[in-house]
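So for the sequence shown, our numbering puts the first residue at 1264; every next one is plus one.
All C-beta atoms, glycine included, are put in the ideal place defined by N, C-alpha and C.
First up is the structure itself, then whatever we jot down about it.
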Amino acid sequence: MSMIEIPHPDPEVLDKRKTIISDLKNIVPDAIMIEDEAGQKTFETDALTAYRQLPLLVILPTTTDEISAILSYCHQYNIKIVGRGAGTSLCGGALPAADSIIIGVSRMNRVLDMDYTNRTATVQAGITNLAISAVAAEKKFFYAPDPSSQLACSIAGNIAMNSGGAHCLKYGVTTNNLLGVTMVMMDGSIIELGGKYLDSPGYDLLGLVCGSEGQLGIITEATVKLIRSTESARPMLIGFSSIREAGECVAGIIKAGMLPAAIEFMDKPAIKVCENYAKAGYPLDVEALLLVEVEGCDDEIDEQFERLRTIARPFNPKNFKEAQTAKESVAIWKGRKSAFGAMGQISDYYCMDGVIPLSQLGDVLEKVFEICKGYGLRVSNIFHAGDGNLHPLILYNANDPEELLKAEHCGADLLKLCVEAGGCLTGEHGVGIEKRDLMRVQFTQTDLDQQMRIKSVFDPKWLLNPAKVFPLENRPVPADEVERHFEEEVEDDGVVYHG
């Protein structure tokens, strides 16, 4: 049982599966095609593992031209496409449909250009987030966005969901670090947006594409900013006796004009699990913990640590711990970066993603616990506190359909709470199928209509990433059908209409 509907496939497309596979093998003979059920099991879900569906076919190309040829064919024969990076989406953004073809870009993982003079990197979209920084580190540069899944997640997925990460407070999310893309449109056309410069003439289509969740095209290459590495960076741990005091301290840090590299929040259940996993020296006698990282030379870091102590004192901190060595810093971050995996050792969980104003942090965190308690479910909070991006983990039994349904309803109430507090439905995970039917909570019908018109301009037949983002009962008629319907009406009136 689930409150999230998976649409029925088009039987006509399913009946033509063998013909489609044969045609595509002739069109892109060098691409890997996975057509057996055992092979496709890897692609039946993403990191939102409560929902699964085998696709029609999986194709793993290596070039932009191959993707162009595939999309051109699928556009001609009305075959749906789901773009996929590494499959780390937590909102069902890469969930296939039974009548869709997955185009995975994982084999497109090369660095194409490292331009340290202009501080840019041009890469294929299947490269992992962390791999860019690994290459750039040789020249003391790095790529700033750092989701917890950065070891695995691809640039394609980062762009699709406008991913952030722990250090987005100082360095911004993907859109703040993206300069250009090569994208294949649904009809096979290849376009380039932006380039190796901070701004480009004309409409900001790059800003439109980043965060579009695979609804507008398939990204094959990207040019991103590189940032010079700082001399040093060290985290401080600040423990509190209540989650409210921890939340209010976050707002106090920002209000004081400080801009740490990161401010991360963990509550008591998360602290215990992460400490057991990473042995990072997290205090176990506190209800909430802030991980605040600052950058600079040693003197600057010491000065910022002292300032943090001064700002935190009115919020009754229980203890402070400063990382003194690089080894201690790595251990502290290992605990935070491994948090979601560590929580998976004790329970299945439903990971939410909402954003609230920092001034509401204390109140909202208390209400999160109240809502989950009302459903008889446990919750743990691990999130990017500096930008108010909450990630409540609702703990439930994935083998119990009734518990899944409770977790879904509980998660919906938490997201509604974020919107009511002046925030929004998603900070970095995206909408996918998870929040699709909650879009009405944040947007009016006029808002949704305008967004869907943009979708129809890029993808008139609505073949890209089906059943995502927009409520199912509110899908617009595809542009080509609208045009045919209008032409039929005016023809009856004896009127000729052009355009």
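Exercise for the section: Tell me whether the beta-carbon of residue 1357 lies closer than 9 Å to the beta-carbon of residue 1391. Expected result: Here residue 1357 refers to the residue found at position 94 when the sequence shown is read from its first residue. Here residue 1391 refers to the residue found at position 128 when the sequence shown is read from its first residue. In this structure, residue 1391 does not lie closer than 9 Å to residue 1357 by Cβ.
Exercise for the section: Let me know the secondary structure DSSP gives residue 1627 once reduced to three states. Expected result: On the sequence shown, position 364 is the one that residue 1627 refers to. Looking at residue 1627 - three-state DSSP - the assignment turns out to be helix.
Practice task
Alpha carbon to alpha carbon, how far is residue 1320 from residue 1337? Give it in angstroms, no decimals.
Solution key: Looking up residue 1337 in the sequence shown gives position 74. Looking up residue 1320 in the sequence shown gives position 57. Taking the straight line joining both Cα atoms gives about 12 Å.
Exercise for the section: Assign residue 1292 to one of two classes, buried (16 or more other C-beta atoms within 10 Å of its C-beta) or exposed (fewer than that). Expected result: Sequence index remark: in the sequence shown, residue 1292 carries index 29 (1-based). Residue 1292 is exposed by the Cβ-count criterion.
Exercise for the section: Compute the distance between the beta-carbons of residue 1517 and residue 1553, then report whether it is under 9 Å. Expected result: The residue labelled residue 1517 in the question sits at position 254 within the sequence shown. The residue labelled residue 1553 in the question sits at position 290 within the sequence shown. Not a contact, by the Cβ cut-off of 9 Å.
Practice task
Quick one: residues in its chain with C-beta nearer than 8 Å to the C-beta of residue 1290, no 5 flanking neighbours on either side, listed in chain order?
Solution key: Taking the first residue of the sequence shown as position 1, residue 1290 is located at position 27. Correct list, in chain order: 1332, 1333, 1336.
Handout entry: Residues that DSSP places opposite residue 1687 in a beta bridge
Key = Numbered from its first residue, the sequence shown carries residue 1687 at position 424. Residue 1687 is bridged to 1618.
Practice task
Name the two residues that bound the continuous alpha helix (DSSP H) containing residue 1564.
Solution key: For the purposes of this step, residue 1564 is identified with residue 301 of the sequence shown, where counting begins at 1. 1561-1575 is the span of the alpha helix (DSSP H), which, as asked, contains residue 1564.
Practice task
Return yes when the Cβ of residue 1473 is within less than 9 Å of the Cβ of residue 1697, no when it is not.
Solution key: Mapped onto the sequence shown, residue 1697 falls at position 434. Mapped onto the sequence shown, residue 1473 falls at position 210. Not closer than 9 Å, so no.
Handout entry: DSSP-derived helix/strand/coil call for residue 1647
Key = Position 384 of the sequence shown, counted from the start, is the residue given in the question as residue 1647. Three-state result, residue 1647: strand.
Handout entry: beta strand (DSSP E) runs contained entirely in the segment 1300-1358, provided each spans 3 or more residues
Key = 1320-1323, 1343-1347
Handout entry: Per-residue DSSP class, three states only, for residue 1274
Key = Here residue 1274 is taken as the residue at index 11 of the sequence shown, counted from 1. The answer is helix: DSSP assigns residue 1274 an H, G or I state.
Exercise for the section: Report buried or exposed for residue 1560, applying the criterion of at least 16 other Cβ atoms within 10 angstroms of its Cβ. Expected result: Walking along the sequence shown from the start, residue 1560 turns up at place 297. Residue 1560 should be labelled exposed.
Exercise for the section: Compare the C-alpha of residue 1543 against each of 1568, 1511, 1593 and name the closest. Expected result: The count along the sequence shown starts at 1 and reaches residue 1543 at position 280. Closest option to residue 1543, Cα to Cα, is 1593.
Handout entry: Simplified DSSP assignment, three categories, for residue 1293
Key = Counting from 1 along the sequence shown, the entry for residue 1293 is found at position 30. It is coil, neither helix nor strand.
Practice task
Would you kindly check if the distance between the Cβ of residue 1399 and the Cβ of residue 1430 is under 9 Å?
Solution key: In the sequence shown, counting from the first residue as 1, residue 1430 sits at position 167. In the sequence shown, counting from the first residue as 1, residue 1399 sits at position 136. No. Outside cutoff.
Exercise for the section: Determine, using beta carbons only, whether residue 1360 and residue 1274 come nearer to each other than 9 Å. Expected result: Within the sequence shown, residue 1360 is the residue found at index 97, counting from 1. Within the sequence shown, residue 1274 is the residue found at index 11, counting from 1. No, Cβ-Cβ distance for residue 1360 and residue 1274 is not below 9 Å.
Exercise for the section: Could you check which residue in 1718, 1708, 1569, 1734 has the C-alpha nearest to that of residue 1477? Expected result: What you label residue 1477 is simply residue 214 of the sequence shown in a count that begins at 1. Closest by alpha carbon: 1718.
Handout entry: Pair within 9 Å by beta-carbon distance, residue 1484 and residue 1386
Key = For the purposes of this step, residue 1484 is taken as residue 221 along the sequence shown, with counting starting at 1. For the purposes of this step, residue 1386 is taken as residue 123 along the sequence shown, with counting starting at 1. Yes, they are a contact pair.
Problem - Opposing strand residues paired with residue 1510 [DSSP bridges] - result: Here residue 1510 corresponds to residue number 247 of the sequence shown, with the count starting at 1. Paired residue(s): none; residue 1510 is not in a bridge.
Handout entry: Nearest-angstrom Cα separation, counted from residue 1442 out to residue 1470
Key = Start at 1 with the first residue of the sequence shown, and residue 1470 comes out as number 207. Start at 1 with the first residue of the sequence shown, and residue 1442 comes out as number 179. Between residue 1470 and residue 1442, the C-alpha separation is close to 10 Å.
Practice task
Could you pull out every residue in the same chain whose Cβ sits closer than 7 Å to the Cβ of residue 1609, ignoring the five residues on either side in sequence?
Solution key: In the sequence shown, residue 1609 corresponds to position 346, counting from 1. Within the same chain, residue 1609 has close Cβ partners 1536.
Practice task
Could you tell me whether the segment 1594-1607 touches the segment 1502-1512, using the rule of 3 or more Cβ pairs below 8 Å?
Solution key: no
Practice task
Would you mind working out which of 1583, 1438, 1573 sits nearest residue 1545, comparing C-alpha positions?
Solution key: The residue given as residue 1545 occupies position 282 in the sequence shown. When each option's Cα is compared against that of residue 1545, the closest is 1583.
Exercise for the section: Could you tell me whether the Cβ atoms of residue 1266 and residue 1668 are closer together than 9 Å? Expected result: As a working mapping, residue 1266 is identified with position 3 in the sequence shown. As a working mapping, residue 1668 is identified with position 405 in the sequence shown. Going by C-beta atoms, residue 1266 is nearer than 9 Å to residue 1668.
Problem - Residue range of the alpha helix (DSSP H) that includes residue 1734 - result: On the sequence shown, position 471 is the one that residue 1734 refers to. Residue 1734 -> no alpha helix (DSSP H), and no H or E assigned at all.
Problem - Beta-carbon spacing of residue 1448, residue 1721 below 9 Å - result: As a working mapping, residue 1448 is identified with position 185 in the sequence shown. As a working mapping, residue 1721 is identified with position 458 in the sequence shown. Yes; because the gap between Cβ atoms is below 9 Å, this pair is in contact.
Practice task
Going by DSSP, name the residue or residues bridged to residue 1453.
Solution key: In the sequence shown, counting from the first residue as 1, residue 1453 sits at position 190. The partner list for residue 1453 (beta bridge, DSSP) reads 1447.
Exercise for the section: Look at the alpha carbon of residue 1567 and the alpha carbon of residue 1648, and state the distance between them as a whole number of angstroms. Expected result: Within the sequence shown, the letter at position 304 stands for residue 1567. Within the sequence shown, the letter at position 385 stands for residue 1648. Approximately 18 Å, taken between the alpha carbons.
Practice task
Can you check DSSP and say which residues form a bridge with residue 1387?
Solution key: The residue labelled residue 1387 in the question sits at position 124 within the sequence shown. For residue 1387, which the question treats as bridged, DSSP gives the partners 1484.
Practice task
Check whether the Cβ atoms of residue 1482 and residue 1368 sit closer than 9 Å, and answer yes or no.
Solution key: Mapped onto the sequence shown, residue 1482 falls at position 219. Mapped onto the sequence shown, residue 1368 falls at position 105. Yes, these two residues count as a Cβ contact at 9 Å.
Handout entry: Rounded distance between the beta-carbons of residue 1325 and residue 1370, thought under 8 Å
Key = Taking the sequence shown and counting its residues from 1, one reaches residue 1370 at position 107. Taking the sequence shown and counting its residues from 1, one reaches residue 1325 at position 62. That pair is a contact at about 5 Å.
Exercise for the section: Can you tell me the Cβ-Cβ gap for residue 1555 and residue 1526, rounded? I've got them flagged as a contact below 8 Å. Expected result: For the purposes of this step, residue 1555 is taken as residue 292 along the sequence shown, with counting starting at 1. For the purposes of this step, residue 1526 is taken as residue 263 along the sequence shown, with counting starting at 1. At roughly 5 Å, the Cβ-Cβ gap stays under 8 Å, so residue 1555 and residue 1526 are in contact.
Problem - For residue 1612, three-class secondary structure by DSSP - result: In the sequence shown, counting from the first residue as 1, residue 1612 sits at position 349. The answer is strand: DSSP assigns residue 1612 an E or B state.
Practice task
For residue 1722, name the three-state secondary structure that DSSP assigns.
Solution key: In the sequence shown, residue 1722 corresponds to position 459, counting from 1. Note: residue 1722 maps to coil in three-state DSSP.
Practice task
Measuring alpha carbon to alpha carbon, tell me which of 1731, 1496, 1726 ends up nearest residue 1344.
Solution key: Numbered from its first residue, the sequence shown carries residue 1344 at position 81. For the residues 1731, 1496, 1726, the minimum Cα distance to residue 1344 belongs to 1726.
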